Every structure is written in structure tokens, then in C-alpha cells.
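Protein chains in written order, with this note's numbering: chain P, 1 to 98; chain G, 1001 to 1098; chain Z, 2001 to 2473; chain V, 3001 to 3473. Yeah, the Cβ is synthetic: ideal placement off N, Cα and C, and Gly gets one too. Computed from a predicted structure; not experimentally measured.
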Amino acid sequence: MSGFLALYIFMLAAFTGYEVIARVPVILHTPLMSGSNFVHGIVLVGAMVALGHAQTPVEQAIGFAAVLMGAANAAGAYVVTERMLEMFKPSRKPGDGA
Amino acid sequence: MSGFLALYIFMLAAFTGYEVIARVPVILHTPLMSGSNFVHGIVLVGAMVALGHAQTPVEQAIGFAAVLMGAANAAGAYVVTERMLEMFKPSRKPGDGA
Amino acid sequence: MSDWISILINASYLLAALLFILGLKRMSSPRTARGGVVWAGLGMLLATVATFFLPGMHNFALIGLALVLGGAVAWVTGRRVAMTSMPQMVAIYNGLGGGAAAAIGAVELWRFAGPPQGASQLSNAALVAVSTIALAVLGSLIGAVSFSGSMIAFAKLQGWIDRRFVFSGQRLINGLLFLLLVAAGVLLVWGQLSPQLVIAFFILALLLGVMMTLPIGGADMPVVISLYNALTGLAVAVDGFVLQNEAMIVAGTVVGAAGTLLTQLMARAMNRSLGNVLFGNFGGGGATSEQEIGGAQKPIDAADAAVMMAYAERVVIVPGYGLAVAQAQHKVWEFAQLLIQRGVKVRFAIHPVAGRMPGHMNVLLAEAGVPYDLIADMDDINPEFPNTDVALVIGANDVVNPVAKTDPSSPIYGMPILDVGAAKNIIVIKRGRGTGFAGIENALFYADNTRMLFGDGQQAVGALVTEVKMVDG
Amino acid sequence: MSDWISILINASYLLAALLFILGLKRMSSPRTARGGVVWAGLGMLLATVATFFLPGMHNFALIGLALVLGGAVAWVTGRRVAMTSMPQMVAIYNGLGGGAAAAIGAVELWRFAGPPQGASQLSNAALVAVSTIALAVLGSLIGAVSFSGSMIAFAKLQGWIDRRFVFSGQRLINGLLFLLLVAAGVLLVWGQLSPQLVIAFFILALLLGVMMTLPIGGADMPVVISLYNALTGLAVAVDGFVLQNEAMIVAGTVVGAAGTLLTQLMARAMNRSLGNVLFGNFGGGGATSEQEIGGAQKPIDAADAAVMMAYAERVVIVPGYGLAVAQAQHKVWEFAQLLIQRGVKVRFAIHPVAGRMPGHMNVLLAEAGVPYDLIADMDDINPEFPNTDVALVIGANDVVNPVAKTDPSSPIYGMPILDVGAAKNIIVIKRGRGTGFAGIENALFYADNTRMLFGDGQQAVGALVTEVKMVDG
Ligand SMILES: NC(=O)c1ccc[n+]([C@@H]2O[C@H](COP(=O)([O-])OP(=O)(O)OC[C@H]3O[C@@H](n4cnc5c(N)ncnc54)[C@H](OP(=O)(O)O)[C@@H]3O)[C@@H](O)[C@H]2O)c1
Ligand SMILES: NC(=O)c1ccc[n+]([C@@H]2O[C@H](COP(=O)([O-])OP(=O)(O)OC[C@H]3O[C@@H](n4cnc5c(N)ncnc54)[C@H](OP(=O)(O)O)[C@@H]3O)[C@@H](O)[C@H]2O)c1
């Protein structure tokens, strides 16, 4: 990838990330933090590539640690986010209390 | 540019365009339409490239028309947008009328 | 061409793309909107200058000539034209952009279709990837449709074509036209790249744009122009892929997406769906579903109306299309200022679809210098009408028509309206008994607390100004 | 590796990136938030499966083992942990992500630093572009800082480190550490790529993360975690450039940008600036600016309080940190439902910084099953307090402290508060005379229309439930 294409992608992705969550209400701050924490769990893919191409034992060891941590990031953050968001049930319109 | 990089850029630019204007109030619809009309005046750059590489007279003629139209798009839309937006003066806080 | 020049050029394009995005972002908020277009303008300047330094460019004299000619004519026209003609100017400049995009595609297709250049024995078409031809075809198609469609939209708004152009079987013919175009496009991409076919393809595409736009009523044009604006953006992006120019790709795509959203927002503000605008019937023609309304319209003269407002506590002014026709915005603001000096609390209430384009009234009032914290939109002002002493309706009709709430058979049924009827007194300025855009009667004008001040908007408000000045002698 | 497999892999990555963005978008609106994480989860699954099919991959057994091990442990822990420990779980998973990013950089740097492989006579470092080494160094740096910093944040929230760790000259030492790191990084990029230097570099980076985080108070941790979250995103994006993996670039950058914005939003909701959080003094320690407040706190017993609310027309419940400590959310909802059944209009008023993390109260109330249209935020509820018969404050203190409006020397001066004092009657549940997070007295508790219901939140509300049930016998 040419350097400039990389910069274009970087610029556009940054705008997208910024704008997409710009209207988040305060009550979703913590779940959204957790959710974006999950999204960078994509580091797992990089870790798999690193371990998949590791040759020396040292490389394998670090690569193994990388996959271990990446998988934990992805799996853990998913569960935690899901548990937090599960609680935002759509309202049951109690009517008499609003 | 590889096809997939192109798709990434397309996807991200589309998100950016969509989100960046998502909160526009009704009063700015027409000026913003004009402003985005100006932005696609970048077609001028493509027209210049086309004319700059034109070889046969036919190519030159079409290329000339392209630059002519592209320049008109850019210049005209700029002036019109500017005139419309010029009118959105920041309020002079009349206080007694609000 | 040394390496750092190419880096500088690429950096300029990147910066231009960034400035475009930031500019659009600023343009979508009232406080920053004015700066936004300047940012985008700087980006355009940068990109244009950088392009001169691209490697392998020729024909500099021609480029310069076309640039100066096209730019200067458009600049001067844009400066001179009346504020009320803005929508058609947007249409025409957008059409030219679409035309430029189509022409770029044409140059490329023509080159591919031409005789072999240089030493090669293969045809040019065989040397370029199928995907490149396909993209050039797509860009040409969208650009050409946007070009001819926008020109028709321009002609309609300018009043050169003043009727909708409808005949039976129209949809069928348009459908056939579209199929033909697709067939020609497919042929172009797979091997039959001849100059004749290229020409036929462009003629068909231009025709499609014309045919698509002719049946649409003049009043729906803002939405249609916005749609063509998005299409031009898309065409530019596609051309960007053909020419491998990232600034075009990014700017074009951004406009394509933003324009699509904007089109939807506009249609929604007018309470229409996009499909309804493009293929529907209502709009421009004037559906007449006349009803009988009891009572009579009770006239008032300017002196009485002026006194009523001069001693009111709260006055809400509701401008409509008639204000734009009469060019009465300056007079209205003069009148409002007189009231404000007397301690009257004055606000302007703007319905989202008042006038003939979104933001029409805001633009006119802004032109006259009305500060925008005096301007309220529908949702904010509606709860305040019951506390309003006088609602002054100037050349508005449909947007204050209570039938939208009461009669399901009315063409504007369901459209939210300004609740003017709730005010203590209502004064309506209009020339006579003319209906508005939807062509229907308005019970508000017959209400007990409504008085009609008949006359051209400009003159009637002028009379109010004179009378108010006389109130204290 | 046939061509269409590589297309499928790339398409999976593209789709994953799209799903991530759409997922985040959905997660930022209450109605769609639950679906959002599922979308993102599908993206992750797709990307992970696709990666197995990349050309030239080895060590599948190791990959599978690490994947299952890391995933299973984290999954089970995440399922089991108490809802109140969510912030520290986010911290630890974020730290692990940073660690993974650092480890990826480490593998690459180690390879570059190692002896020549294959037939080449050149060192490995000479074969890769300087920019690639620079990016690997940058990714490692950010990832490592995020790793160790998040771990300290975890330890603080978990209560393992319960004091801020401040000493004089701290900033100087951190500054020196940073300079050393930069120097080591520059050496790595320009030629001195030895295994020893790589190890030293990582030790320094880990140390910096620890040193940066130690002086920050536990209560500021949510903001700090959000910052490290953004940093991990950035590290992932940088690694993506090293590995030429677009999904990583896009997802990482999106998180980096979204996380940066979120950090600012969080700091703003707490009325702090980011600089203040990172380098300030207030926070966690408890600045004591005790004042004398006239009057006495007037106690009430549960029976009287229950009767008062049972016969009220409007009751607003204001939960605070004490509710979370006492885990009283379920009891409170039970109580509110009893009132609602009696025809009382009950609403919950949530201050943006009530509790110890943004959205803390919302999460707890949601957990207990309170529908979110009963929950009002500060701006909506404040105008309604004058019409409120009883405001029931449960374990809240700072967020209802009127000193924020009156005393410029108070540490919370300027923070908008819930206007509880305007209600006709106020009942406050807390254990005793303990101060809140900011460590200051609260004049509200001494007001004429305030009654104190002393006791642990859970028990006090439990008593209210019992008493309300007895009201009608
Ligand atoms: N805003 C948009 O984007 C847009 C776009 C397309 C269509 N529309 C449609 O346009 C309509 C807008 O409603 P509206 O209330 O603003 O206007 P309207 O319903 O079209 O009514 C305009 C009124 O102004 C009066 N008038 C015309 N010229 C005048 C003059 N020189 N002096 C004084 N009065 C004059 C006319 O009555 P006399 O003849 O008796 O004077 C007419 O009743 C809506 O139906 C909307 O859906 C809006
Ligand atoms: N939300 C965030 O993101 C965030 C993050 C960091 C800091 N903060 C800060 O945290 C504070 C939040 O304000 P707040 O009003 O929610 O809480 P607060 O000011 O910390 O007050 C909590 C009160 O609850 C009482 N309490 C403690 N345990 C209890 C129990 N088991 N049962 C009943 N009452 C109990 C305490 O008094 P007793 O000891 O007398 O019972 C204390 O006065 C603000 O200053 C905010 O800036 C918020």
C-alpha cells in the first residue's frame, strides 16, 4: 500500500470513528467504551498472523502470548459489553408512571 | 490501486460524507446542497488530466469541454454558495426581541 | 519529474480532500457555515494548482483557456443572479459538473475505442482492464444523466418549461430506454468498443436524463436537483477510480453520500417520499379538491392592522411563498424593527416547507438581515401561539392550513402545520382569493379571529410600516 | 493459494470492517445498542476465521491453543464478574489488547533484529523499509504503555492499589523516562536494531505506562481507561500498517478516533479537562474544604417517609454512589413499582456523574429492570423539581450539593447539579454523616424541608417497601 493511500484510509477512518459516535448519550458512555474495546480486539487477527509466520522459538513464544492476549481482549470485551447492553431493554411503556 | 483498497476508501468516504452532514438543520439544506455541489467541482482536476493527456483533436475538443464545464461548476457553485451563506450572519443579539 | 514534486502533488490532493470534508462539516452548522465554503474553496485552489504539475501533462494553453473562460463566465453569472434564482443556479452548475464527468468518461472511452497508438498491434481496448472500461462507462452514464436532467430542472425553475410533461406509457418508454442503455453499456465493456457505439451510448444517456425529469413538477425540483447533485458526486468518484485520483474519489464519494442523505432529508421535510417525488403525481400540477367553507373572509385595513400590532405584546410573523414572490423580506424586517422598538416581542415562524425550496424563507429573511435568534422553527413556535396576540401571515397558505389536520382526503393531510389558528388574532396578507401550491381552500381565512389585509405583499407591508410610524404621531 | 480464496479473505476483512463501524454506530443509540455488539461480534468472527486461510500460515496448533485458552478464560471471567466491577474488566481486557499489539510489534522487531535468514548476506533489518521499522516501534510503544497503564488502572479499581502514588519530581522523572524511550526508539529505527535494545525499549515502555498511571486517583480511572482504549486502537492501526492488514487499520483507527472523542465527552461530563485528569491534583484524595453549616439534620423514620410518598402525586428518585455500594437498585425498583401501582408518578433523575463511572446509575437501574422512559437526565428533570412533592435521594451527595452553585472556593464549584432543593419535601437515605467523593459538607441535608433516613441503602429502602405495603393495611 502506498503511503498516501494509507493516509487517506487513516484520515477517513478517523472521521468515521469520530462522527459515528458523536451523538452518544451519557448513559451509553461506559457500554460504548467497552464496545470499542471489543472492536480493537481485531488485534487478534494481527496476532494470529504474527504467530502464523513465527519461525524461531522466541518468535513463537511472543506470538503465542500475542494470540492469547488478543483472544482474551476480543472474547472478554464481547461478553462484558453484551452484559452491559443487555440491560438496556426497550421500554415496556408503563404509561402510568411516566 | 488494488480493488479492495478502492472499496475501503469508498466505504469510509461514504460513511464520512453521511455522518458529517447528518445533523444539518433544515435552514441549511439549500446552502449545503450548493456547497456539496461546489465540492464535486473537483471534477475539474479530472478534466484537466483528461485534456492534459488528450492527443487527437476529438479528444482535445471533448477535454476542452470537460475543463470548461468543470471550471464553471467549481467557480459558479463557489460564488453561489458564498452568497447564500453570507446571509447567515451571526446574530447581533437584539435582546429586546427574542 | 522529481520525487518530491510528486510527493507535494499527492500531499496537496490529500490536504484538499481533508479541507473538503472539514468544509462540509462546517457548512452543516449555522455558526460555522460561512467559513466552511472558504475552507472547501482553499482545497479546490490547492488541488487545481497541483494538477498543473502532474507528470506528462500537455495542452497547457488549452487548459488555461478553458479554465479562465468557464470559471469567469460562471463567476460573473453567479455574482449577478437574483437571490430568488438560487435553486436554478445550483441546478445549472451541478449539470455542468455532471457534464464534465461525462466528458472525462468520453475522452477515455474514445481513446480506448480509437486505432492502436504507438507500436502496439493490439487495439487500445485490449490494453486496458475490463474494470477500467466498466468504470468509465458507469461514470459517463451517471454524469450524462445528471447533466441533461439538471438542465431540464434548470429550464423548469427558470420558467422556460412550465408544465409537467406527462403521457400514457411514459414509464414503459423510460424503462425501455434504460434497458437499451444497459445493453449498450454491456456491449461497450465486453469487446464492442467502437466510436459509433460510444456516441449512441451518450445520446441515449442524455435522453434518459431528459425523459426522467420532464414529468416531475417544478415544485419538486429542489429534491430532484439534490438527487442529481448526489449523482454527479458519484460520477466524479467513479471517474476518480478510472484516473486513479484519490482526491476525486474521496470528494466525489463524500458528496455522493452526503447528497443522498440530503435528498432524503429534503423530501422528508416536505413530507414526501423520494419515490413519490420521482414517480408520483402530486406536485406542480395543483390538485384541486375544492371544498365548501362556511362564513366569509373579513377584510381589515392597514391602519387598523398596524394599531393592533403596535399595541400587542407578542407578534409572530409567518412568511410564505407570497413573501418571496413579492420580494417583501426587507420591508417586513423594517416593520418588525419598528415593532421591536416599541417593545413588542416579535418572532418569525418558519415552516420547513414554506416557500419553494428548503430553507427558502430562512435565506430570504437572512438576506434582509433578520438575526437568526428571532427565527423559530415549527416545533419551537407552535406551543407559543396560544400566548400570541397577533399572528401576521404574509403570503403563506398551505403551511397554515388546518385542513392538514382535519381532512384525510386533502392532498396535504398529515403534513404538520403552523398552529396559527391558536393565536388571539390573525392577520393574513395576500392579494386575493388565490390558493397556494396544493391548490386548496383554507378555512383559516374564514375564521372569526382572522382578518384579511388584501394586497401585494410588498405594498401591504409598506402600508403597515407607514401606519405604525404614525401611531404615536 | 488460489485467487478466489484470497478474494474471499479480503472480502471477509472488508465486511468485518463494515460491521464494526455499523456496530459502533448502533451502540451509540439506546434503542439499537444491544444489536450493535452482535454486529461487531459477527465481524470479529468472520475476520478470525478468514485469517486461518491466509497464505503461508504455520503453527496452527499453537494458534488454536492460544485462541481457545485466552478466549475461554476471558469469556468465563467476563460472564461471572459482578456488574459493579465492569470498569475494571474493561481496563483489563483493554490492557490485554494493548499487550497483544505490543507483542505483534515485538515479533516483528525481533525478526528484524535477528540473524539473516535464508541465503541473504544482509541483516534482516536492511531488507525492510525504515518506515516499517518505525511503525513497528511506534505500535510497540503505544501498545506497551496501554498494557501496563491499563493494568495499574485495573489494580486501582479493584482496590489493590488504593492510594495515589505521588512524590516530588515525579513529572521530571516521567519526562526523562519519555525522552529515554524516544532515544531508544530512534536508535532502533536508524540502524541499531539489536535484541538487547529491543528488550530495553519494551521495559522502558512498560515502565512509562506504570509511572503515568500511578499518580492518578481511582475515581478518575474511567476517563483514563477510555484514553488507554483509544491508544490501544491506535496501536492496532499502526500494527495494521506494518502487517498491511486493512481490517486492522480501519478498525484500529475508528476506535482510536471514537475513543479520543469518548474520552473528551467523559471528562466533560465530569466537568474536568483531560489535562486536569492526567496531571491534576483533585480526584481520589478527597480535598477537604470543610465549612460550617447552620442548622441540624432532621431524621425521619421509614414509616413516616413511606406514608409521605404513598400519598404524594409526584416522586423523583435520585440515586447516587451509595446506591451502587449498597446494591439497592432492585429494592428501589420494587419500591417505585409499589408507588406506581398506587398512582404516584415516579421518575428517576440521573446526574451525568452520579456514581463512579459515566452511566453507572443507568446501568444499575437498567439491571434492576427500570424502563428507560422513567429515567430522566439532569436537563429534563431540573425544571420539574418545583412540581415534585417528594425527592428521594438515595446515597447521592455531591450531585445534589447546592454549594456547586454558591461557593466559588468549593472543589465542585461550577458543576451543574440536580436541583433537588426546589422540591417540596426531600428525603435523604445515607448511612451517617459521611461525605461524598469530593469530601465536602452538603447544606441540603440541613435544609428545612429535608429529612434524613439514616441507614444502609439496601436496608432503608427495604424498610420503605415494607411500610408502603402496610399503608393500606
Ligand atoms: N419549501 C419547499 O422546499 C417546497 C418545495 C416544493 C413545494 N413546496 C410546497 O409549497 C407550499 C408552500 O406553502 P406556502 O404557505 O409557503 O405557500 P403557498 O401555499 O404556495 O401559498 C402562497 C400564497 O401566497 C399568496 N401570494 C402569491 N403572490 C403574492 C404576492 N405577490 N403578495 C402577497 N401574497 C401573494 C397566494 O395567494 P394570492 O394569490 O391570493 O395572493 C398564495 O395563497 C407547500 O404546499 C409546500 O409543500 C415547498
Ligand atoms: N460518574 C462518574 O463517571 C464519576 C467518576 C469519578 C468520580 N465521580 C464523582 O463521584 C461523585 C458522585 O456523586 P454521588 O452524589 O453519586 O456520590 P457521592 O457524592 O460520592 O456520595 C455518596 C454518598 O453515599 C453515601 N453512602 C455510601 N455508602 C452507602 C450505603 N451503603 N448506603 C447508603 N448510603 C451510602 C455516603 O454517605 P454515608 O457515608 O453517610 O453513607 C456518600 O455521602 C461526584 O463527585 C463525581 O464527580 C464520578
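Counted within 10 angstroms of its Cβ, other Cβ atoms place Lys3331(V) as buried (16 or more) or exposed: Here residue 3331(V) refers to the residue found at position 331 of the fourth sequence. Looking at its Cβ environment, which holds 16 or more other Cβ atoms inside 10 Å, Lys3331(V) is buried.
field: CA-to-CA distance, Gln3158(V) to Gly3252(V), given in whole angstroms
entry: Looking up residue 3252(V) in the fourth sequence gives position 252. Looking up residue 3158(V) in the fourth sequence gives position 158. Cα-Cα distance, rounded: 28 Å.
- request: Answer yes or no: does any C-beta atom of chain V fall closer than 8 Å to that of Phe1010(G)?
  value: Start at 1 with the first residue of the second sequence, and residue 1010(G) comes out as number 10. No, no contact with chain V.
Asp3373(V): first and last residue of the uninterrupted alpha helix (DSSP H) it sits in: Against the fourth sequence, residue 3373(V) aligns to sequence position 373. Neither: Asp3373(V) is in no alpha helix (DSSP H) and is coded neither H nor E.
field: Three-state secondary structure assigned by DSSP to Leu3453(V)
entry: As a working mapping, residue 3453(V) is identified with position 453 in the fourth sequence. In this structure, Leu3453(V) counts as strand in the three-state DSSP scheme.
message: Closest to Ile3389(V) by C-alpha separation, out of Ala3011(V), Gly3233(V), Asp3162(V), Val3420(V), would be which residue?
response: Translated into positions along the fourth sequence, residue 3389(V) becomes position 389. Before going on, a small fix: residue 3389(V) reads as Asp here, not Ile. Residue nearest to Asp3389(V) within the set Ala3011(V), Gly3233(V), Asp3162(V), Val3420(V) is Val3420(V) (criterion: CA-CA distance).
- request: Name, please, each residue of chain P whose Cβ falls closer than 8 Å to the Cβ of Thr1016(G).
  value: Residue numbering aside, residue 1016(G) sits at position 16 when the second sequence is read from its first letter. Within 8 Å Cβ-Cβ: Leu12, Phe15, Thr16, Glu19.
query: Does the region 3068 to 3087 of chain V come close enough to the region 1017 to 1034 of chain G that 3 or more CB-CB pairs lie under 8 Å?
result: Verdict: no, contact absent.
query: Would a C-beta distance cut-off of 8 Å place Asn2245(Z) and Gly1046(G) closer than the cut-off?
result: Taking the third sequence and counting its residues from 1, the one referred to as residue 2245(Z) is at position 245. Taking the second sequence and counting its residues from 1, the one referred to as residue 1046(G) is at position 46. For Asn2245(Z) and Gly1046(G), yes; Cβs fall inside 8 Å.
- request: Verify whether the separation of the beta carbon atoms of Gly1961(Z) and Ala2200(Z) is less than 8 Å.
  value: Missing from the structure shown is residue 1961(Z); chain Z here goes from 2001 to 2473 and no further.
task: Could you name the residues of chain P that His3058(V) contacts, counting a contact when the two beta carbons are closer than 9 Å?
output: As a working mapping, residue 3058(V) is identified with position 58 in the fourth sequence. Result: Leu51, Gly52, His53, Ala54, Gln55.
- prompt: Listing by chain order, which chain G residues have their CB less than 7 Å from the CB of Ser2226(Z)?
  reply: Position 226 of the third sequence holds residue 2226(Z). Result: Met1033.
task: Would you kindly report the start and end of the unbroken beta strand (DSSP E) that includes Arg2347(Z)?
output: For this step, residue 2347(Z) is matched to residue 347 along the third sequence. Residues 2345 to 2350.
task: Determine, using beta carbons only, whether Ala3303(V) and Glu3467(V) come nearer to each other than 8 Å.
output: As a first step, residue 3303(V) is located in the fourth sequence; it is residue number 303 there, counting from the start. As a first step, residue 3467(V) is located in the fourth sequence; it is residue number 467 there, counting from the start. The answer is yes: Cβ separation under 8 Å.
Where the beta strand (DSSP E) through Val2314(Z) begins and ends: Here the question's residue 2314(Z) lines up with position 314 in the third sequence. A small fix is needed here, since residue 2314(Z) is Arg in this sequence, not Val. 2314 to 2319 is the extent of the beta strand (DSSP E) around Arg2314(Z).
Nearest neighbour of Glu3313(V), chosen from Phe3385(V), Ser3273(V), Ala3368(V) [CA to CA]: Numbered from its first residue, the fourth sequence carries residue 3313(V) at position 313. Out of Phe3385(V), Ser3273(V), Ala3368(V), Phe3385(V) has the C-alpha closest to the C-alpha of Glu3313(V).
message: Once the 5 residues before and after Ala2423(Z) are set aside, which same chain residues still bring their CB inside 6 Å of it?
response: Here residue 2423(Z) refers to the residue found at position 423 of the third sequence. Within the same chain, Ala2423(Z) has close Cβ partners Phe2385, Thr2388, Ala2391.
query: Considering only residues of the region 2122 to 2184 of chain Z, which uninterrupted alpha helix (DSSP H) runs meet the minimum length of 4 residues and lie entirely inside it, listed in chain order?
result: At a cut-off of 4 residues, the continuous stretches assigned as alpha helix (DSSP H) that sit fully inside the region 2122 to 2184 of chain Z are 2124 to 2127, 2130 to 2157.
- prompt: How long is the line joining the alpha carbons of Val3107(V) and Gly63(P), rounded to whole angstroms?
  reply: Sequence index remark: in the fourth sequence, residue 3107(V) carries index 107 (1-based). Sequence index remark: in the first sequence, residue 63(P) carries index 63 (1-based). Going from the Cα of Val3107(V) to the Cα of Gly63(P) covers about 7 Å.
- prompt: Taking DSSP as the reference, what is the three-state secondary structure of Ile3412(V)?
  reply: As a first step, residue 3412(V) must be located in the fourth sequence, where it is residue number 412. Reduced to three states, the DSSP call for Ile3412(V) is coil.
- request: Kindly list the residues whose CB is nearer than 6 Å to the CB of Gln3459(V), restricted to its own chain and excluding five residues on each side of it in sequence; keep chain order.
  value: Within the fourth sequence, residue 3459(V) is the residue found at index 459, counting from 1. Excluding sequence neighbours, Gln3459(V) sits near nothing in its chain.
Where the alpha helix (DSSP H) through Leu2019(Z) begins and ends: Walking along the third sequence from the start, residue 2019(Z) turns up at place 19. Membership of Leu2019(Z) in the alpha helix (DSSP H) is indicated by the continuous run 2003 to 2027.
field: Alpha carbon of Val3069(V) to alpha carbon of Asp3162(V), nearest angstrom
entry: As a working mapping, residue 3069(V) is identified with position 69 in the fourth sequence. As a working mapping, residue 3162(V) is identified with position 162 in the fourth sequence. Before going on, a small fix: residue 3069(V) reads as Leu here, not Val. Taking the straight line joining both Cα atoms gives about 31 Å.
query: Short check: CB of Gly3143(V) to CB of Gly3099(V), under 8 Å?
result: If you number the fourth sequence from 1, residue 3143(V) lands on position 143. If you number the fourth sequence from 1, residue 3099(V) lands on position 99. Their beta carbons are under 8 Å apart, which means Gly3143(V) touches Gly3099(V) by this criterion.
message: I'd like the span of the alpha helix (DSSP H) that includes Leu3265(V), first residue to last.
response: Residue 3265(V) sits at position 265 when you count from the first residue of the fourth sequence. 3246 to 3269 is the span of the alpha helix (DSSP H), which, as asked, contains Leu3265(V).
task: Return yes when the C-beta of Pro3222(V) is under 7 Å from any heavy atom of ligand 2, and no when it is not.
output: For the purposes of this step, residue 3222(V) is identified with residue 222 of the fourth sequence, where counting begins at 1. Yes, Cβ of Pro3222(V) sits closer than 7 Å to a heavy atom of ligand 2.
- request: Please confirm whether Ala3267(V) and Val3255(V) have their CB atoms less than 8 Å apart.
  value: In the fourth sequence, residue 3267(V) corresponds to position 267, counting from 1. In the fourth sequence, residue 3255(V) corresponds to position 255, counting from 1. A distance of 8 Å or more separates the beta carbons of Ala3267(V) and Val3255(V).
message: Is Val3238(V) close to chain G? Criterion is C-beta to C-beta, closer than 8 Å.
response: Numbered from 1 along the fourth sequence, position 238 holds the residue referred to as residue 3238(V). So no, Val3238(V) is outside the interface.
field: Extent of the continuous alpha helix (DSSP H) run through Lys2331(Z)
entry: As a working note, residue 2331(Z) is residue 331 in the third sequence. Per DSSP, Lys2331(Z) belongs to the alpha helix (DSSP H) from 2329 to 2341.
- request: Ignore the nearest five residues each way along the sequence and tell me which others in Ile3375(V)'s own chain have a CB closer than 7 Å to its CB.
  value: Along the fourth sequence, one-based indexing puts residue 3375(V) at 375. Here the set comprises Phe3348, Ile3350, Asn3362, Leu3365.
- prompt: Quick one: is Ile3021(V) near chain G, going by C-beta distance under 8 Å?
  reply: For the purposes of this step, residue 3021(V) is identified with residue 21 of the fourth sequence, where counting begins at 1. Answer yes: the Cβ-Cβ gap between Ile3021(V) and chain G drops below 8 Å somewhere.
message: Between Ser3006(V) and chain P, is any beta-carbon pair separated by less than 8 Å?
response: Stepping through the fourth sequence from its first residue, residue 3006(V) is reached at position 6. At a cut-off of 8 Å between beta-carbon atoms, Ser3006(V) makes no contact with chain P.
- request: Classify Lys3430(V) as helix, strand or coil using the three-state DSSP reduction.
  value: In the fourth sequence, residue 3430(V) corresponds to position 430, counting from 1. In this structure, Lys3430(V) counts as strand in the three-state DSSP scheme.
message: Between Val2250(Z) and chain P, is any beta-carbon pair separated by less than 8 Å?
response: Here the question's residue 2250(Z) lines up with position 250 in the third sequence. Closer than 8 Å to some Cβ of chain P, the Cβ of Val2250(Z) qualifies, so yes.
- request: Identify, in the order they occur along the chain, each residue of the same chain with its Cβ nearer than 6 Å to the Cβ of Leu1032(G), setting aside the five sequence neighbours on each side.
  value: Your numbering for residue 1032(G) matches position 32 in the second sequence. The residues are Val1024.
query: What distance in whole Å lies between the Cβ atoms of Val49(P) and Leu3054(V), which are believed to be in contact at a cut-off of 8 Å?
result: In the fourth sequence, the residue the question calls residue 3054(V) occupies position 54. In the first sequence, the residue the question calls residue 49(P) occupies position 49. Going by Cβ atoms, the distance from Leu3054(V) to Val49(P) rounds to 7 Å, so yes, they are a contact pair.
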